[in-house]
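In terms of my numbering, the numbers along the sequence shown are unbroken and rise by one, the last being 1166. Where a beta carbon is used, it is the ideal one built from N, C-alpha and C, also for glycine. Below: the structure, in structure tokens.
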Amino acid sequence: MVATLLEGQQLASKIKEGLKKDIDALKSKGFVPHLAAVQVGENAASRVYINQQKKSCEEIGIEYELKELPASTTENEMLDFIDKLNQDDAVTGVILMMPLPKNIDARRVQVRISPDKDVEGMHPANMGKLVYGEMGLAPCTARAAVELLKSSGVELKGKEVVVVGHSEIVGKPIMLMLLASQMESPTPVVCHIATKDLCFHTKRADVILVAVGKHGLIKADMVKDGVIVIDIGINRVPVTDQSGKGVLNEKGKPKMKTTGDVDFEAIKEKASFITPVPGGVGPVTTTMLLYNTVESAKLMADKSAK
Ligand code: NAD
């Protein structure tokens, strides 16, 4: 068996088409989705991310605004700033650019964002909704992984699903999303760093979603034929030649590539569906941020209609 690829770009484009229609409808009622990204100090890596966010927002008609605060900002100043954004009716969604300076407790700031503007889906109120089976504003990567899984079209009811990784932003919300329906859910098992025999679980899984950050963690002999694999991990590893020797780039530095957590080449020969890395969960995650921003604008429109 050679697996069908679950390409993220394809699903992302489909979701964006739907979002454009929603944005037009919102704008006709006078509501413009507006994402405020808060950056404290300067960070080259998040600058790249900011430019990508701005581009993808503006492509579909979401306003994007970067709010830059000095590196000397205190936690209290930051909390006051978040309060102002919460009260600003022109801002429908707020995202924090990480990392924040060490003197600022990122969790404290994150939970200060109004749950209705929490486009990253990290507020306890939004996490809590998942327990009740309501998606609302849900964590972007977890939702992206579940949407890609659903895009396979395979019925999940009663299936054995193994989630590897139990972080707050990925593994735990995935587990809750899988259990969203009382009668139609699969049976999720969550494995993590303390799991004694990972292979015991993965070998009997109909579906594996892995979010760990360890290249080659899931090998072909750890999965059964026909498994569906959603690889969320992102790892940068050196490129090697056939003898296993590291390849150098034009600057004489080790050439690097991006991989997921599974042995893609070997597992795609056994799986029924698999996500590539890069090009799988990543593009859908970015789109989920747009999705949540549109949802946040809908929440504002609904509230003002009441
Ligand atoms: P994290 O470090 O918060 O959590 C890692 C999880 O892996 C933990 O639950 C830990 O218990 C588990 N783990 C560690 N070693 C393990 C092992 N040997 N066996 C089983 N479980 C083990 O990481 P995170 O923020 O959840 O991210 C996980 C991965 O997903 C990373 O590679 C990250 O880069 C990637 N990621 C991708 C996207 C995307 O858009 N594609 C977004 C967010 C994170």
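Residues of the same chain with a CB within less than 7 Å of the CB of glycine 1076, apart from the 5 flanking positions on each side, are Asp1123 in chain order. The stretch 1040 to 1052 makes no contact with the stretch 1113 to 1127: fewer than 3 CB pairs, one atom from each, lie closer than 8 Å. One alpha carbon belongs to glycine 993, the other to valine 1006, and they sit about 14 Å apart. Using a Cβ distance threshold of 8 Å, valine 1137 and isoleucine 1090 do not count as a contacting pair. With a threshold of 16 other beta carbon atoms within 10 Å, glutamine 913 meets it and is buried. Here the distance from the Cβ of serine 916 to the nearest heavy atom of the ligand NAD is not below 7 Å. Straight-line measurement puts the Cα of glutamate 867 at about 17 Å from the Cα of valine 1067. Not a single heavy atom of the ligand NAD lies less than 7 Å from the C-beta of valine 1087. For the pair of segments examined, the stretch 941 to 958 was found to touch the stretch 886 to 902: the number of CB pairs separated by less than 8 Å reaches three. Per DSSP, glutamate 1020 is one residue of the beta strand (DSSP E) stretching across 1020 to 1024. When the beta-carbon positions are compared, valine 1144 and isoleucine 883 stay at least 8 Å from each other.
A distance criterion of 7 Å places the beta-carbon of alanine 1071 in contact range of the ligand NAD, judged by its closest non-hydrogen atom. Between the stretch 1014 to 1026 and the stretch 957 to 972, the count of Cβ pairs shorter than 8 Å is below three; the stretches do not touch. A residue is called buried when at least 16 other Cβ atoms come within 10 angstroms of its Cβ; alanine 1054 does not meet this threshold and is exposed. The beta carbon of aspartate 1101 is closer than 6 Å to those of Val1107 in its chain, skipping five residues each way along the sequence.
Exclusion of the five residues before and after asparagine 903 leaves Met957, Pro959 as the residues of its chain whose Cβ lies within less than 8 Å of its Cβ. The beta carbons of lysine 1111 and leucine 886 sit no closer together than 8 Å. Setting aside the 5 residues that flank it on each side, arginine 1096 is surrounded in the same chain by Met1116, Thr1118, each with a C-beta closer than 7 Å to its C-beta; the list follows chain order. In the structure shown, the three-state DSSP call for methionine 957 is coil.
Exposed is the label assigned to asparagine 963, since fewer than 16 other Cβ atoms lie within 10 Å of its Cβ. Nearest C-alpha to alanine 1080 among Gly1104, Asp1121, Met1043: Asp1121. With a cutoff of 7 Å, isoleucine 1134 does not count as near the ligand NAD, since its C-beta is closer than that to no heavy atom of the ligand.
Under the three-state reduction of DSSP, proline 999 is assigned to coil, being neither helix nor strand.
Under the DSSP definition of a beta bridge, cysteine 1051 partners with Val1024. Residue range 1095 to 1098 is occupied by the beta strand (DSSP E) that includes arginine 1096. Going by beta carbons, proline 961 and glutamate 980 fall outside the 8 Å limit. Look at isoleucine 1078: its beta carbon is at least 7 Å from all of the heavy atoms in the ligand NAD. The beta carbons of methionine 1160 and threonine 952 sit about 5 Å from each other, so the pair counts as a contact at 8 Å.
Leaving aside the five residues that flank histidine 1026 on each side, the residues in its chain whose CB is nearer than 7 Å to its CB run, in chain order, Lys1032, Val1050, His1052. Contact between isoleucine 1094 and leucine 1069 is ruled out by a C-beta separation of about 14 Å, above the 8 Å threshold.
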